[in-house]
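Student: This is the structure I want to talk about, given as C-alpha cells.
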C-alpha cells in the first residue's frame, strides 16, 4: 500500500468518479460541497414566490407596490396545446415561473439558505424560457423583429428577460446582490440577446419605509432605472426553437466568491464568461436580522405583455467551504 | 408523504367585476380547494366557479355547482377530477363591494 501524495486530489477524483455514475448529478459540475440538489419531480424544494416585507399587523397596504405580485411557482409538466405533456429534462416535472399578461410584470422563485463559510459559491441549472402560445385566428403573425416564416416565430420576440441573482449579507450587516440577466428582447420586440448586470443594489422595503423610494406596480424590482443596467460582452443566441411549445434545456452555471464579494464566471451552454470584473455594489447602510443570508432567486419579466415562462428542470447549489 | 402546495393567487384583488385567476398547472394534484377571503368590510354576494383546462389556453366549467355566498369572511370550494390546469372565476352580483380579497389554492396529491 502507498499513501496518496495528494489526498485532496484523490478525494476530488473519487467525487468525480462517483458523480459521473449518477445520472442525476453527472449532468452538473458542482463544487465539493453540495448544499442543494433540487429535482422538481420531488416537489418544490423550498423555491417560493419572493414576498415583500409587511408590517407587524400583516397589512397588505404595508407591502411595496412593486413587490406584491411575484406569483407562486408551479410544478409544471410542460403542458402545451399541440403536443400535450412535453415533460421535463428528467422525469415529468419542472418548476415554472409564470408572469401575468401585463407589460413589465415579473415572476420570481427564491431559495432561502444561510452561509456556514465563505468562499466560492455556485449555482447550476437546466432551464428553458418561453412566451405563452397563442391560438387565435385574429392574432398577429409578427412581433418586433420576428415575423412568422416557418422558422422564426413572433413568440421569440415576446419573451423579455430571465434573471438569476443572489441576496447575500454577513460580516456585521454588509449586504449585496450579484445579478446575471439575459435580456432577450425589448418592449417593442427588438431582439437584444444581451447579458446584463445592474450597477446599483436592489431597492429594499426598508428604503421604501424610510421614504427613499416608492415604485409603481410592475417596476423592474432588481434595478428600476434602465440606465442602471450595463451590457456584458457580445449577444448570445439561445435555442428558443422556433415555436413556444418546444422545450430545449439550457445549462447555466454561475460562480461567485463570498469571501471577496465578487463575481467569478458565468457559463451558458458553450459560452464561458469571465465576470470577475463585473462590479458588485453593496448597500451603504448595514442590515440587521440577515447574518449569513444566502438567497438565490430566478425571475422572469415580460415586456411585451404576453405571459412569459421560465422553466427549471433541476438546480444544484454548491460551495467550496 | 403526499405532495402538497398552497398557492396565493391573489392577495390584493379589488373585485369590481367578474374576474378569473391566472392559469395554474396542477397535473400532479388529485384534489384542490379554493379559499376566497374578504379582508375588508364589503357588501353583496359573489359566485365562485371552478374552470378546468387541458392546455391553459381554453377553459370550461367544472361539473361542480358554483358556490354562492356573502362577500364576507371566507368562502371555500372543493374540486376533484380536474384536468391539468385550474382557475377560479369570481362573479360579483350587481352592486357588490369587495375592496380587498385574497384567493388561495390548496393542492394535494
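Residue numbers (the working numbering), protein chains in the order written: chain A, -5 to 315; chain B, 1221 to 1329. A virtual CB, placed ideally from N, CA and C, is assigned to each residue, including glycine. Computed from a predicted model, the values in this text were never measured in an experiment.
(1) Would you mind stating whether residue 44 of chain A and residue 291 of chain A have Cβ atoms separated by less than 7 Å?
(2) Please check if any C-beta of chain B sits within less than 7 Å of the C-beta of residue 62 of chain A.
(3) So residue 244 of chain A is in the beta strand (DSSP E); what residue range does that whole segment cover?
(4) Just to confirm before moving on: does the CB-CB distance between residue 1229 of chain B and residue 1321 of chain B stay below 7 Å?
(5) By Cβ distance, which residues of its chain are closer than 6 Å to residue 148 of chain A, with the 5 residues on each side in sequence left out?
(6) Anyone know if the C-beta pair for residue 125 of chain A and residue 302 of chain A falls short of 7 Å?
(7) Indicate the three-state DSSP secondary structure (helix, strand or coil) for residue 317 of chain A in the structure shown.
(8) Kindly indicate which residue of B:1238, B:1270, B:1259 and B:1223 has the alpha-carbon position closest to the one of residue 1279 of chain B.
(9) Would a check of beta-carbon distances place residue 1232 of chain B closer than 7 Å to chain A?
(10) Looking at chain A, is there any beta carbon in it that lies within less than 7 Å of the beta carbon of residue 1247 of chain B?
(11) At a Cβ threshold of 7 Å, is residue 73 of chain A touching chain B?
(12) Taking residue 1240 of chain B as the reference, give the member of B:1326, B:1315, B:1307 and B:1325 with the closest Cα.
(13) Express the C-alpha separation of residue 197 of chain A and residue 168 of chain A in angstroms, rounding to a whole number.
(14) For chain B, is any of its Cβ atoms less than 7 Å away from the one on residue 121 of chain A?
(15) So, for residue 224 of chain A: in the same chain, excluding its five sequence neighbours on each side, which residues have a beta-carbon less than 7 Å away from its beta-carbon?
(16) Give every residue of the same chain whose Cβ lies closer than 7 Å to the Cβ of residue 208 of chain A, excluding the five residues on either side of it in the sequence, and list them in chain order.
(17) Could one say the Cβ of residue 1281 of chain B lies closer than 7 Å to chain A's Cβ atoms, at least one of them?
(18) I'd like the span of the alpha helix (DSSP H) that includes residue 192 of chain A, first residue to last.
(19) Helix, strand or coil for residue 1312 of chain B? Go by DSSP, reduced to three states.
(20) Excluding five sequence neighbours on each side, which residues of the same chain lie with their C-beta closer than 7 Å to the C-beta of residue 227 of chain A?
(21) Along the chain, where does the alpha helix (DSSP H) containing residue 203 of chain A start, and where does it finish?
(22) Which bits of chain B does residue 94 of chain A rub up against, with CB to CB less than 7 Å?
(23) Taking C-beta pairs closer than 7 Å, name the residues in chain A that residue 1257 of chain B reaches, listed in chain order.
Tutor: For this structure:
(1) yes
(2) yes
(3) 244 to 251
(4) no
(5) 136, 137 and 140
(6) yes
(7) With chain A covering only -5 through 315, there is no way to say anything about residue 317 of chain A.
(8) It is B:1270 whose Cα lies nearest to the Cα of residue 1279 of chain B.
(9) Using a CB distance cut-off of 7 Å, residue 1232 of chain B counts as an interface residue toward chain A.
(10) yes
(11) yes
(12) B:1307
(13) 15 Å
(14) Not one chain B Cβ lies under 7 Å of residue 121 of chain A.
(15) 190, 191 and 193
(16) 202
(17) no
(18) Unbroken run through residue 192 of chain A is the beta strand (DSSP E), 185 to 192; no alpha helix (DSSP H).
(19) strand
(20) 189 and 267
(21) 199 to 203
(22) 1242
(23) Those within 7 Å of residue 1257 of chain B in chain A number zero; the least Cβ separation is about 11 Å.
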